[in-house]
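Residue numbering for the sequence shown is 22 to 426, as defined by our numbering.
Glycine is no exception: its CB is placed at the ideal position from the N, C-alpha and C atoms.
Read through the structure below, which is laid out as structure tokens, and then see the notes.
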Amino acid sequence: MGSSGAMALSKKLEERGESGRIALVDVDLEGEHSSTLKNAGGVRATWRNRANIELCRYSIEFFETIRDRIQFRELGYFWMHDEESWKEINRNYHLYKEYGLPVELYPPEAVYEFLPFVDNLDDIAGLSISRRAGLVDHYSLREYYREEARKRGVIFFDRCYVSGIVVRCGEVKEVIADRIESGNLEEKSEVVKRYLIYGGSDVSKEKISFGCNVLINTSGAWAPRISRLYGFVDESIKPRRRHMVVIHCPQVDLSHYGMVIDTSDVYFHKDADNILVGYSNMDEPYGYNLEYGFGGLEENSLFVKYIWFPLYRRSSRFERIKFIRGWAGLYAETPDRSGYLGRVPGFKNVYECVAHTGRGLMISYGSGVALADLILDGRFRNELCHAADLSRERPSGELYEELHL
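This is the structure we're talking about:
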């Protein structure tokens with residue numbers, strides 16, 4: 022999100038014939054432990070609230086213009102719904118039509134036609150197919166944002182953990198960071214991990230300072246730590262671990278699909294010659310836990326319980342699989358499953374774009390543009406006008422999202 026915001030802000034300044042010094046400060050710029058490179062790469066606009074629909078649709082429209090650069094595979098979302106989520110997508114269908122989103126709704130028996138590898142329709146109330154949706158390569162998209170930002174003079178500071186913020190009269194004046202000085206890459210990785218989990222480390226570090234006219238908090242699951250430094254106590258954003266795995270199952274060919282979602286909320290897509298599978302365990306306690314904890318094919322593992330068994334139950338072709346690898350990343354969750362975008366209440370020059378609950382990648386371009394508009398113009402463009410609903414004040418009320426993975 023920070024890279025997108027930096028690109029959009031620098032580009033808008035350039036278009037206005039203005040200049041500014043923009044810096045992006047990150048303790049883990051390469052993203053070894055960040056959420057960006059640990060997600061499934063899915064993009065869609067099938068949400069309940071206009072703000073999320075507009076940001077996703079605007080982003081998808083842009084992704085289509087750089088399709089090859091970011092490996093955008095617009096092969097759709099194929100969602101097998103249970104009763105509750107089927108009611109939800111039918112309630113939202115009029116919005117999708119209004120926004121020109123090609124979404125198709127089918128009865129359960131249509132699953133056999135569109136997903137021929139499925140051989141069990143138990144608890145499927147209906148199938149939705151979102152055609153203007155699919156998969157992007159998250160690394161390529163992030164690097165595109167950064168390349169465009171660097172062209173316009175944005176400076177990226179790596180291995181810098183923000184440890185202090187100076188505020189005077191409701192304005193941030195200075196940002197202070199610990200620059201990590203540890204030696205080899207493996208050691209640096211562990212130090213960065215300690216900072217992310219515990220908020221500090223005992224290694225040697227240099228203090229560096231940045232003068233600040235505008236501060237934008239785009240630190241995802243770590244946003245509450247940053248907001249606390251400028252005096253905004255945030256109890257609404259909670260970090261929760263999510264698991265992803267890669268399996269090998271040559272009996273299931275997903276070449277013609279983007280994302281496939283089961284009623285169990287297990288979601289999966291083709292990943293080279295393998296299949297990438299994700300699941301969000303809502304019993305997972307909140308906290309900064311970056312360790313993979315689902316195990317593998319051993320009996321009674323969480324992988325078997327939450328991932329393999331739902332896949333096998335839906336399709337007997339998943340009976341024989343090979344577990345390749347797994348990892349964990351963090352979602353930043355809010356009570357209504359929608360993020361915060363706007364100026365932080367009580368501060369004149371502090372903005373945020375955080376906690377989009379797994380939606381960050383798919384709204385990234387639209388959110389960057391919305392931030393740049395708000396900071397430089399004081400308002401959002403018409404295509405993104407409902408982004409105002411994502412402010413902390415929630416002017417349109419709670420923005421709860423049911424179709425959440």
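Residue 109 is positioned such that its CB atom lies closer than 8 Å to that of residue 424.
Counted as a single uninterrupted DSSP element, the stretch harbouring residue 146 is not any beta strand (DSSP E), since DSSP gives it neither H nor E. When secondary structure is reduced to three states using DSSP, residue 260 falls in the strand class. CA-to-CA, the gap between residue 418 and residue 274 works out to about 43 Å. Per DSSP, reduced to three states, the secondary structure at residue 354 is strand. When DSSP reads this structure, residue 267 sits in a beta bridge with 297, 346. Excluding the 5 residues flanking it on each side, residue 292 has same chain C-beta neighbours closer than 7 Å at 267, in chain order. Distance from the CA of residue 287 to the CA of residue 232, rounded to the nearest whole angstrom, comes to 45 Å.
Taking 8 Å as the cut-off, the beta carbon of residue 282 is found closer than this to the beta carbon of residue 100.
Within the model, the alpha-carbon separation for residue 261 versus residue 353 is close to 7 Å.
Per DSSP, residue 115 is one residue of the alpha helix (DSSP H) stretching across 104-119.
In this structure, residue 23 keeps its C-beta atom at 8 Å or more from the C-beta atom of residue 58. Counting other Cβ atoms within 10 Å of its Cβ, residue 403 stays below 16 and is therefore classed as exposed.
Under a 10 Å Cβ-count criterion, residue 113 is classified as buried, with 16 or more other Cβ atoms of the shown protein chains found around its own Cβ. For the pair residue 81 and residue 155, the Cα-to-Cα distance works out to about 9 Å. Assigned with DSSP and collapsed to three states, residue 156 falls in strand. Between the alpha carbons of residue 132 and residue 244 lies a distance of about 41 Å. Around the C-beta of residue 140, fewer than 16 other C-beta atoms lie within 10 Å, and the residue is accordingly described as exposed. With 16 or more other Cβ atoms from the protein chains shown falling within 10 Å of its own Cβ, residue 213 counts as buried.
Distance from the Cα of residue 172 is smallest, within the candidate group 185, 30, 235, for 30. Between residue 127 and residue 96, the CB-CB gap reaches or exceeds 8 Å.
In the three-state DSSP reduction, residue 73 falls in the helix class (H, G or I). Excluding its 5 nearest sequence neighbours in each direction, residue 381 has C-beta neighbours in its own chain below 6 Å: 22, listed in chain order. The straight-line gap separating the alpha-carbon atoms of residue 224 and residue 277 is approximately 49 Å.
In the three-state scheme derived from DSSP, where H, G and I count as helix and E and B as strand, residue 228 is classed as strand.
Assignment of residue 251 by DSSP, reduced to helix, strand and coil, places it in the coil class. In the three-state scheme derived from DSSP, where H, G and I count as helix and E and B as strand, residue 406 is classed as helix. Given a length threshold of 3 residues, each whole run of the beta strand (DSSP E) inside the segment 304-388 is given here in chain order: 343-354, 361-364, 371-375. With a cut-off of 8 Å on Cβ pairs, the segment 296-307 is in contact with the segment 324-341, counting three or more such pairs. The DSSP assignment places complete beta strand (DSSP E) segments of no fewer than 3 residues inside the segment 27-62 at 44-46, in order along the chain.
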